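Below is one structure, written out as structure tokens; the observations come after it.
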Amino acid sequence: MGNFDRKLIKFWEIFYNNKGYIKVLEGLKNTLYIAILGLVIGIIIGTLIATVKVMPKYKKLPRILNAICDFYVGLFRGTPVVVQLLVAYYVVLPLLGINLSALTVCVLVFGLNSGAYVSEIMRSGIMSVDHGQMEAGRALGLSYRVTMLKIVIPQAVKNILPTLGNEFIALIKETSVVSFVGAADLYVAFSYIGTNSYEFMVPYLAMALIYIALVMIIASLIKVMERRLRKSDRRN
Amino acid sequence: MIDVINLKKSYGDLEVLKGITVSIKEGEKVAIIGPSGSGKSTFLRCLNCMEDPTSGSIIFEGVDIADMRVDINLYRRHMGMVFQQFNLFNNKTVIENIMLAPVYLGIHDLNVMKFKNFFIKFRNIFSKEKKPLYEINTTREKIKADARENAMRLLKRIGLEDKADVYPSTLSGGQKQRIAIIRALAMNPKVILFDEPTSALDPEMVGEVLDLIRQLADEGMTMVIVTHEMGFAREVATRVLFMDDGRILEDNTPEEIFSNPQNPRTREFLSKVL
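In order, the protein sequence lines correspond to chains B and E. Mapping to our numbering: the first sequence position 180 is 180, numbers consecutive. Mapping to our numbering: the second sequence position 9 is 245, numbers consecutive.
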């Protein structure tokens, strides 16, 4: 174990004395930034898509929208997120002639990607809400949109919160590939420490522990939220 | 008040309503009876376009609401509906259930009027003839306060004012259905449609719901009730429609239908259920 002590000391040297922790904090911030903003964008896009998919389809517009949504979901579920990142950063942006930072691209790609997954989660949530809820709202003279927003979606979200939590956790872990386009996340920070101390065992172990801690914190936050949303159930 | 003209409804190849023509006048209490699968509920649900009719028209206050171009939401405000499964909003407390539609629609209308006034003001700057503004004599706060007061008054009426802030999941079926009825009443509807209001209730709770419906009937509310409670139909209704196989086979006063049915199908049905 003397060997491990030496490794620990080397790690500490770079981590603390050489200000490696600033990079780690920066990476942690970016990881959370991408995951949280990505999830928010994902929930917005996913809810819109899910609403389109459950709309009654005897008019033309919903059918066209539905086809677009199907294409979108197929596209983003059909390719790995790394490929999407690379294509967005090295193909789409240059073609459009737009200049965006790697971090912004990551947020957008992860948002669009999780939108495709959240849309299916949200759709199952909306379908789990009794159709009578929609009918009752419509019978009172509320429009489809208002009933959806005020009655159906809040109940759907309550039902899918555990699955949505899963999606968030998956998102946090998936962000570990953003270094492919040069964004600085936890992986970049710890491999910087590793490279500078010629020693990779401790930095990568620390990285794993940070991911585990993050996920556990999020899981408990979800539990708290779930308990609050369940107050309209008889058993609480 | 409601004139139904040659109403037809099919689901794919299955024709559920085969041409219904009936006219419901203000103040009438119409009970619809008939065997299951006869199209009673479908007919009732067509009256406020919960199911879009395949053909035919439904004239409500002079407007054909079966026409897809009509904004059905405006007319549904004046047609309350009570469901077999109550359908209280599970994510709202009792009082929120009652207040939601009056408050939302009230504020919505207020905003629309403000928006229109804004454009009229803008237009009046440039044109010689000044258009009058819409008169606005209410505010968001007033709409909310009025709705709350009205909701509490209705809750008091059914003796459930202490349940105002609980969620529907803690209520009994009878309580839920009575709240569903006053939720419809809170919109001041011109007619209320009841879709088998007591069929999902435990027997001992049927009475309290029927009592409330009876009270409304006595106050002169126009209502259309699909029901299996023959005794209730006989007592409360001013008119009974017997439906079978997507058609109205008999349309008469309750006394006539129950004591002297003309149609053999009616006779057969009544002999089974009475």
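All C-beta atoms in this analysis are idealised placements derived from N, C-alpha and C, irrespective of residue type, glycine included. A quick note: this is a predicted structure, and the numbers were derived from the prediction, not measured.
Within-8 Å CB hit, residue i to chain B
i: F325/E; result: yes
i: A337/E; result: yes
i: R312/E; result: yes
i: N499/E; result: no
i: N309/E; result: yes
Contact under 8 Å by Cβ, residue i with residue j
i: I14/B; j: S197/B; result: yes
i: F325/E; j: A416/E; result: no
i: V266/E; j: I256/E; result: no
i: E377/E; j: S277/E; result: no
i: G194/B; j: Y204/B; result: yes
i: G410/E; j: V445/E; result: yes
i: K341/E; j: G141/B; result: It is worth fixing the name first, because residue 341/E is Leu in this sequence and not Lys. Against a cut-off of 8 Å, the Cβ pair of G141/B and L341/E comes out as a contact.
i: R145/B; j: V54/B; result: no
i: I126/B; j: A102/B; result: no
i: G111/B; j: L164/B; result: no
i: V24/B; j: A183/B; result: no
i: S274/E; j: M479/E; result: yes
i: I269/E; j: M457/E; result: no
i: L477/E; j: T502/E; result: no
i: M232/E; j: E135/B; result: For residue 232/E there is no data in the structure shown, the boundaries of chain E being 237 and 510.
i: A381/E; j: M335/E; result: no
i: V235/E; j: P404/E; result: Here chain E has residues from 237 to 510 only, and residue 235/E is not among them.
i: L253/E; j: L243/E; result: yes
i: G20/B; j: Y192/B; result: yes
i: R414/E; j: I428/E; result: no
i: T175/B; j: T31/B; result: yes
i: A139/B; j: R312/E; result: yes
i: V177/B; j: V81/B; result: yes
i: A422/E; j: P490/E; result: no
Bridge-paired residues (DSSP) for residue i
i: N488/E; result: V476/E
i: A267/E; result: I461/E, V476/E
i: R483/E; result: D480/E
i: I238/E; result: I260/E, F296/E
i: S291/E; result: K244/E
i: L253/E; result: K245/E
i: G316/E; result: I428/E
Chain B residues whose Cβ lies nearer than 7 Å to that of residue i
i: N284/E; result: A139
7 Å Cβ cut-off: residues of chain E touching residue i
i: V154/B; result: Before going further, note that residue 154/B is Pro rather than Val in the sequence given. The contacting residues are N327.
Any chain E beta carbon closer than 8 Å to residue i
i: S143/B; result: yes
i: V146/B; result: yes
Contacts that residue i makes with chain E (C-beta to C-beta distance below 9 Å)
i: E261/B; result: The structure shown has nothing for residue 261/B, since chain B only spans 1 to 236.
i: K150/B; result: F325, N327, K328, L336, Y340
Chain B residues whose Cβ lies nearer than 9 Å to that of residue i
i: M423/E; result: L140, G141
Check: residue i C-beta below 7 Å from any heavy atom of the ligand NAP
i: Q155/B; result: Absence of the ligand NAP from the depicted structure is noted, as is the absence of any ligand whatsoever, leaving it without description.
Inset, instruction - Could you please tell me which residues of the segment 338 to 356 of chain E, in chain order, have their CB closer than 7 Å to any CB of chain B? - result: Y340, L341
Inset, instruction - Quick one: which residues of the segment 114 to 136 of chain B get their C-beta closer than 7 Å to a C-beta of chain E? List them in chain order. - result: G132, Q133, E135, A136
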